[in-house]
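Enquirer: Number 156 in the working numbering belongs to position 171 of the sequence shown; there are no gaps in the numbering.
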Amino acid sequence: MAENTGAYVRKVKRAAKIIFYRRHRQPGVKGWELRRALGKEYVKIVDLLNQHLSSIGLQVRTVYEGSEQPQNPTSEQLDGARFYMAVKEPLTASDLVLSGWRVDDVAALVVAVSYIISKQGKAARKDIEQILREKFPKWRVERNLNRYIRQGYLNEVEDVLYLDWRARAEIDQKTLIKLVIGGDTSKSSDQTTTTP
């Protein structure tokens, strides 16, 4: 029994190290990589890691391919999903500055995401650029949009922007829309709004 517990502790530590690593400019790791490193029971190990991280305000989030989160994911869906660390509570403005994000860069991301949501999940890049150029210089707009694409917040296909995996995972879209239109956010959904 003690040997089994020790093995789980080692695997939880290894899972934390693997998930904390940044690979290919994007945080986290794919499920198949966790399965290869930790074994078939990697989902249980991630759940144990989540219990430990909860006490310090962090959690492991799972983002599935596609826009919908399955209720009972299959092993294939879990293998294709991305697992990464995120904060449980929204960041304060001072936390954002310490994380390397400028407030105006976050504002531009909020505008882009809000506009894409308002257009049923896709919007022409030139439309978003036009909106952002009303408040930001052209060079900053282009740099920010390219940064959001690189970091997984937006995806671009043939000059059309979509929400990518990280925006779906880190941004509570319902709360964002309520904040944009000035509604009551006290009854927000399960997923907390965490910013980059």
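Ideal Cβ positions, reconstructed from N, Cα and C, are used throughout, including at glycine.
All values derive from a computational prediction rather than experimental measurement.
#1: So, do the segment 9 to 21 and the segment 63 to 71 have three or more beta carbon pairs nearer to each other than 8 Å?
#2: Would you mind stating whether ALA97 and LEU146 have Cβ atoms separated by less than 9 Å?
#3: Between which two residues does the alpha helix (DSSP H) carrying THR160 extend?
#4: Would you report the Cα separation of ASN129 and ASP90, rounded to the nearest angstrom?
#5: How would you write the range of the alpha helix (DSSP H) that TYR27 sits in, first residue to last?
#6: I believe MET70 touches ILE4 by the beta-carbon criterion, under 8 Å. Please report the beta-carbon distance rounded to the nearest angstrom.
#7: May I have the straight-line CA-CA distance separating VAL45 from LYS107, to the nearest angstrom?
#8: Spatial neighbours of TYR133 within its chain, please: C-beta separation below 7 Å, excluding the five flanking residues on both sides.
#9: Can you tell me whether GLU114 is helix, strand or coil according to DSSP?
#10: Using only the alpha-carbon positions, how far apart do GLN176 and GLY42 sit?
#11: Assess, as a yes-or-no matter, whether the segment -10 to 3 is touched by the segment 22 to 42 under the definition of 3 or more beta carbon pairs within less than 8 Å.
#12: Alpha carbon to alpha carbon, what distance is there between GLY13 and TYR6?
#13: Report yes if the C-beta distance between ARG153 and VAL28 is below 9 Å; otherwise report no.
#14: Only counting the same chain, and skipping five residues up and downstream in sequence, which positions put a Cβ closer than 8 Å to that of SER184?
#15: Between ARG110 and LEU38, what straight-line distance do the alpha-carbon atoms span, to the nearest angstrom?
#16: Should GLY167 go down as buried or exposed, given a rule of 16 or more other Cβ atoms within 10 Å for buried?
#17: Reducing DSSP to helix, strand and coil, say where THR47 ends up.
#18: How about ILE102 and GLN158: are their beta carbons less than 9 Å apart?
Expert: Concretely, from the data shown:
#1: The segment 9 to 21, when compared against the segment 63 to 71, does touch it at the 8 Å Cβ threshold.
#2: Cβ atoms of ALA97 and LEU146: closer than 9 Å.
#3: THR160 -> alpha helix (DSSP H) spans 158 to 166.
#4: Near 7 Å, if we compare the C-alpha coordinates of ASP90 and ASN129.
#5: If you look at TYR27, you'll find it in the alpha helix (DSSP H) that goes 27 to 39.
#6: Sure, about 6 Å apart at Cβ, within 8 Å.
#7: Those two C-alpha atoms are separated by around 28 Å.
#8: Only LEU94, ALA97, LEU139 meet the Cβ criterion.
#9: Per DSSP, reduced to three states, the secondary structure at GLU114 is helical.
#10: Note that GLN176 has pLDDT 46, beneath the 50 cutoff, so the model's placement of it is unreliable and no number is given.
#11: Yes, since at least three Cβ pairs between the segment 22 to 42 and the segment -10 to 3 fall closer than 8 Å, the two stretches touch.
#12: One Cα belongs to TYR6, the other to GLY13, and the distance between them is close to 6 Å.
#13: No, these two residues do not count as a Cβ contact at 9 Å.
#14: A query on residue 184 cannot be resolved here, the shown segment of the chain reaching from -14 to 181 and no further.
#15: Take the alpha-carbon of ARG110 and the one of LEU38: they are about 38 Å apart.
#16: Burial is judged here by how many other beta carbons sit within 10 angstroms of a residue's own beta carbon; GLY167 has fewer than 16 and is exposed.
#17: Three-state result, THR47: strand.
#18: Against a cut-off of 9 Å, the Cβ pair of GLN158 and ILE102 comes out as a contact.
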